[in-house]
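Chemist: In terms of the numbering used here, the sequence shown opens at residue 44 and continues consecutively.
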Amino acid sequence: MTEHGRTEDGRTERGRQPRVQLGIAEVMGPSMYPTLKHGDQLLVHYRAPVKAGDVAVLRHPLQQDLLIVKRLVERRDGGWWVLGDNPGAEGDSRVFGTVPEELLLGRVRARYRPLGGQRSVRAVISWLVSAVRLVPAVRPVSAERSVSRRLRAR
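1. Pick helix, strand or coil for A95, following the three-state DSSP scheme.
2. Pick out whichever of E144, V167, G160 and S173 has its Cα sitting closest to the Cα of A153.
3. I'd like the list of long-range same chain contacts for V70, defined as Cβ closer than 7 Å, with 5 residues on each side in sequence excluded.
4. Just the Cα atoms here: how many angstroms apart are G72 and G134?
5. In this structure, what does DSSP give as the bridge partners for Y89?
6. Report the residue from L65, I67, Q64 and S74 whose alpha carbon sits nearest the alpha carbon of P130.
7. Between the Cα of V93 and those of R165, S169 and V151, spot the shortest distance and give me the residue it belongs to.
8. For T45, count neighbouring C-beta atoms within 10 Å of its own C-beta (all shown protein chains included) and say buried if the count is 16 or more, exposed if not.
9. Check A68 in the structure and name its three-state DSSP category.
10. If you drop the 5 nearest sequence neighbours on each side, which residues of the same chain put their C-beta closer than 6 Å to that of R119?
Here is the structure:
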């Protein structure tokens with residue numbers, strides 16, 4: 044049994060999965076820009092089914108105490124090939140290879156963008172329109188195509 048009355052596999056003392064498997068994560072860094080910006084808050088559905096094109100929260104395969112947010116591109120031998128949406132940022136499968144399935148924690152369902160320091164009427168209205176968005180999956184692109192596209196864009 045671990046903290047909060049749960050077993051190692053996340054079940055409660057009565058053997059059931061917890062009803063709410065949602066959590067909040069904060070984006071740090073530019074790797075998912077323009078989809079996600081530094082400081083965005085994410086609603087994460089832990090242990091949710093995922094597919095190629097989804098944005099997911101994962102443990103970094105080389106530093107497992109670090110959580111990362113990436114787009115799932117495709118399944119490969121050994122796990123998921125993941126890429127950031129920002130072609131200029133590094134720190135995805137191009138650097139560390141596939142991410143094992145057991146390091147995938149959950150699917151990002153929505154993002155909340157906190158109101159910045161600007162308080163003008165126009166800034167507040169713009170924020171109200173864009174503060175909360177669902178994070179949809181995108182049509183998957185093959186990893187080879189996305190990498191070559193990124194190299195041409197540099």
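Cβ coordinates follow ideal geometry from the N, Cα and C atoms, glycine included.
Modeler: On the basis of the data shown:
1. coil
2. S173
3. L79, K80, H81, G82, D83, L85 and V112
4. 11 Å
5. G149
6. S74
7. V151
8. For T45, the pLDDT reaches just 34, beneath the cut-off of 50, and the residue's location in the model is therefore unreliable, although a value from the coordinates is still provided. So T45 counts as exposed.
9. strand
10. T141
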